[in-house]
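K.L.:
Take this structure, written in structure tokens, and hold onto it; I'll ask about it next.
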Amino acid sequence: MKKLIIIAFAVLLAMPLIAQENLYVVMELMKVDNEQEMDYWETEQFWKKIHQERLKAGEIIGWDLWQLLPGGEDQGYQYATVNLYNSAEKMFDAGGDFMKHVKAAYPDMSEDDVYKKFNATAKARDLAVRIFMERIDQTEGDVSMDVGTIAYIDFMKVDMGGYSAYEKAETEVFKPWHQEMVNDGSKGYWGLFRFMVPYGSDTYASHITVNMFENLQKALNQEGPGGDLTDAQQKAVEDGLKTRDMKFTYMARLIDIVR
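Take a look at the structure:
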């Protein structure tokens, strides 16, 4: 599993972040050649109506389409779709009523035409990576991610025996700083997610942290909380950084959404 990704920079509608207690996420990373761009957009618009039916049925609580930056055919992936669930059971059993949702979305489409759309989907992109995740922690606050929202996502690699120490460092050492930035308006949101599948020592990453900002200016000028660190705080930061290997950070543009 090579370059994973993500992030944000524009929602078509002003929508709040999913703030409920339990959140499970399936992220699918797509490779799309330059000549496939238009076909891929049409493909995702076809699927969007199906996701709207899934939402109505309570199967999902949201769906996002992200354009990954910097993009380009040599950057690994160009797009990511994200399906949001309120239970692990729904996440792992997402295909049960699939054809029912297709028929609800396209009642006048023949079965042959539906399968032609499925074949077109396969030709429009290469679904390269699928990741199942659960949210471990997040900042508090009412946030509406409007057009122009920017986010950074950091992919972390943590040894299998070190999950507890790493997650404790994120929640006890770093989260209070993120919360302070949310409180003063310089940051919109921070969240910590743990991979459920794939899992194991050979996976490329095990966690991600997500940082979202109101606009590009705030994202580019982000700073930590003011004031000098005490010796104890400095040691806590240094120890926390040792609990994980930050593999990389990506940016991306959120170009469509279902809520």
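Quick note on the numbering used here: the sequence shown kicks off at 41 and runs consecutively.
Heads up, the beta-carbon is just placed ideally off N, CA and C, and yes, glycines get one too.
Since the structure is predicted, the reported quantities are computational estimates derived from the model, not experimental observations.
For LEU124 versus ILE100, is the C-beta distance shorter than 8 Å?
P.N.:
Yes. Within cutoff.
K.L.:
DSSP three-state label for ASN159, please.
P.N.:
It is helical.
K.L.:
Restricting to Cα atoms, I'd like to know which of ASP271, PHE235, TRP230 is closest to TYR203.
P.N.:
The option with the nearest alpha carbon to TYR203 is PHE235.
K.L.:
Is the distance from the Cβ of ILE248 to the Cβ of TRP106 below 8 Å?
P.N.:
No, they are not a contact pair.
K.L.:
Is it buried or exposed for TYR155, if we count other Cβ within 10 angstroms and need 16 for buried?
P.N.:
Exposed: under 16 other Cβ atoms inside 10 Å.
K.L.:
Taking the alpha-carbon of LEU232 as reference, which of PHE195, VAL66, LYS163 has the nearest alpha-carbon?
P.N.:
It is PHE195.
K.L.:
Thinking just about the alpha-carbon of each residue, which of GLU254, THR289, VAL65 is nearest to the one in GLU16?
P.N.:
Residue coverage of the chain in this structure runs from 41 to 299, which leaves residue 16 outside it and unanswerable.
K.L.:
State the CB to CB distance for the pair THR161 and THR83, rounded to an integer number of angstroms; the pair is presumed to be in contact (CB under 8 Å).
P.N.:
Contact holds; Cβ gap of about 5 Å.
K.L.:
Rounded to whole angstroms, how far is the Cβ of THR289 from the Cβ of TYR192, which I believe are closer than 8 Å?
P.N.:
The pair is a contact, with the Cβ atoms about 5 Å apart (cut-off 8 Å).
K.L.:
For LEU281 and ASP79, what's the separation of their Cα atoms in angstroms?
P.N.:
Looking at the two C-alpha atoms, the distance is approximately 43 Å.
K.L.:
For the beta strand (DSSP E) containing ARG293, name the first residue and the last one.
P.N.:
First-last of the beta strand (DSSP E) with ARG293: 285-298.
K.L.:
At a cut of 8 Å, does the region 237-247 reach the region 269-277 through at least three beta carbon pairs?
P.N.:
No, the region 237-247 is not in contact with the region 269-277.
K.L.:
At what residue ranges does the region 69-111 contain a whole run of the beta strand (DSSP E), taking only runs of 3 or more?
P.N.:
As far as the region 69-111 is concerned, its whole beta strand (DSSP E) runs of at least 3 residues are 102-109.
K.L.:
Taking the alpha helix (DSSP H) that ASP279 falls in, what are its first and last residues?
P.N.:
It spans 271-281 - the alpha helix (DSSP H) in which ASP279 sits, taken as one unbroken run.
K.L.:
Should LYS215 and ALA145 be called a contact, given that it needs their Cβ atoms to be closer than 8 Å?
P.N.:
No, the pair does not count as a contact, with Cβ atoms beyond the cut-off.
K.L.:
Buried or exposed, going by whether 16 or more other CB atoms sit within 10 Å of the CB of GLY228?
P.N.:
So GLY228 counts as buried.
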